[in-house]
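Sequential numbering of the sequence shown, starting at 168, is according to my numbering.
Don't be surprised by glycine CBs; every beta carbon is placed ideally from N, CA and C.
Presented below is the structure to which this report refers.
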Amino acid sequence: MSKFKNITLVLKPNIIEDFTQFLPDLITYLLNQKATVHFFNFEKERLKGLACDLLSQISFIEKTDLNHISDLVIVLGGDGTLIGFCRDVGKMSAPIFGINLGKLGFLTEFSKNDFMDELGNVLNGKYQTRIMKPHFASVYNKENQETFNGFFFNDMVVSNDSIARIIRISIFINNEHLFNVDGDGLIVSTSQGSTAYSLSAGGPIIHPSVKALVLTPVCAHTLNSRPIVVPEDTIIQTAIFEDSNNVVLTLDGQLAFSLKKTDVVKTHNPKHPGFQI
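Given below as structure tokens:
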């Protein structure tokens with residue numbers, strides 16, 4: 168019998184085929200463990216094709232009810248699905264069990280082919296979690312008014328929106344000028360995100376337990392541009408030069424905001440309980 172009584176399953180959007188082979192078995196297994204299985208209301212139609220025979224035994228809830236109903240969340244997708252889910256809910260105390268359906272799974276560490284033993288251990292209370300905390304990014308205009316605020320788990324990227332043209336940005340850490348970047352942009356990565364975009368741009372791999380941020384220039388037009396590692400509580404400011412056009416701020420490759428000339432992007436690390444994964 169499961170120590171978790173209310174388990175919510177979160178599915179990668181817009182796919183069916185990847186779930187047909189194992190989702191009905193997973194639902195049946197959880198029901199046999201005497202757990203109540205929940206899905207979000209908007210999944211009703213998709214589940215008619217995936218688990219029609221089990222619909223009467225499934226509970227459907229609103230996303231806003233998640234925090235006071237669920238004591239375990241199982242995310243089926245890739246890292247992007249897990250990050251997108253955390254961004255949607257904002258805060259949550261229940262632990263997350265990630266099952267990887269994609270090619271890369273650093274946060275969703277359990278494969279769809281062999282997760283059942285690990286899930287059994289979790290349901291029996293034999294598990295450890297780590298906290299995944301978000302970093303926040305705000306955009307300020309030249310009047311110092313905040314025009315955007317969002318958070319990221321892997322990386323924040325300031326880059327050109329469309330045409331392959333150099334942009335110019337100025338980097339400050341804790342209000343002290345560090346350097347200017349003439350190139351395709353700048354990646355500010357967390358330690359857990361260091362194996363993503365930052366790595367492909369020449370950044371270092373940092374263990375997730377190291378509390379740090381990495382500043383990685385992208386295709387900088389210079390001979391001496393190198394990634395820089397700073398403490399995670401460092402305030403990083405990125406100022407856009409007036410001669411730079413079509414610049415965009417992207418958070419985790421999921422959320423984008425168009426930047427205007429003279430806009431400033433500032434990272435900050437407010438108190439947030441994070442997510443148990």
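Query	Result
For the putative contact between A387 and V348, defined by C-beta atoms under 8 Å, what is the C-beta separation to the nearest angstrom?	6 Å
Straight-line CA distance for D185 to L239?	22 Å
Is V377 close to the ligand PLP? I mean its beta-carbon at under 6 Å from any heavy atom of the ligand.	Among the components of this structure there are no ligands whatsoever, and the ligand PLP is therefore not found.
Is the beta carbon of G251 sitting closer than 7 Å to the one on Q421?	yes
How is the beta strand (DSSP E) around G257 delimited, first residue to last?	Premise fails: G257 is in no beta strand (DSSP E) and is neither H nor E.
I'd like to know whether the C-beta atoms of L268 and G244 end up nearer to each other than 7 Å.	yes
So L380 and V306 are supposed to be a Cβ contact under 8 Å. How far apart are they, rounded?	In fact, because the Cβ distance is near 18 Å, the residues do not count as touching under 8 Å.
Going by Cα to Cα distance, which pick from P398, S367, S376 is closest to T383?	S367
From the DSSP output, which residues share a beta bridge with F319?	H302
What is the residue span of the alpha helix (DSSP H) that K114 lies within?	Past the edges of the chain, shown from 168 to 444, lies residue 114, and the structure says nothing about it.
Can you tell me which of the three DSSP states Q224 falls into?	helix
For the alpha helix (DSSP H) holding N267, just list the boundary residues, first then last.	N267 -> not in any alpha helix (DSSP H); beta strand (DSSP E) instead, spanning 263 to 267.
Inspect the beta-carbon positions of F320 and F424 and report whether they are closer than 7 Å.	no
What does the Cβ neighbour count give for P301, buried or exposed, with the cut at 16 atoms within 10 Å?	buried
Hey, A202 and S237: beta-carbon distance below 7 Å or not?	no
Anyone know if the C-beta pair for I385 and G360 falls short of 7 Å?	According to the sequence provided, residue 385 is Val. The question's Ile does not apply to it. No, the Cβ-Cβ distance between V385 and G360 is not below 7 Å.
Which partner residues of G350 appear in the DSSP bridge assignment?	I334
Could you check whether S365 and S356 sit closer than 7 Å to each other, using their CB atoms as the reference points?	yes
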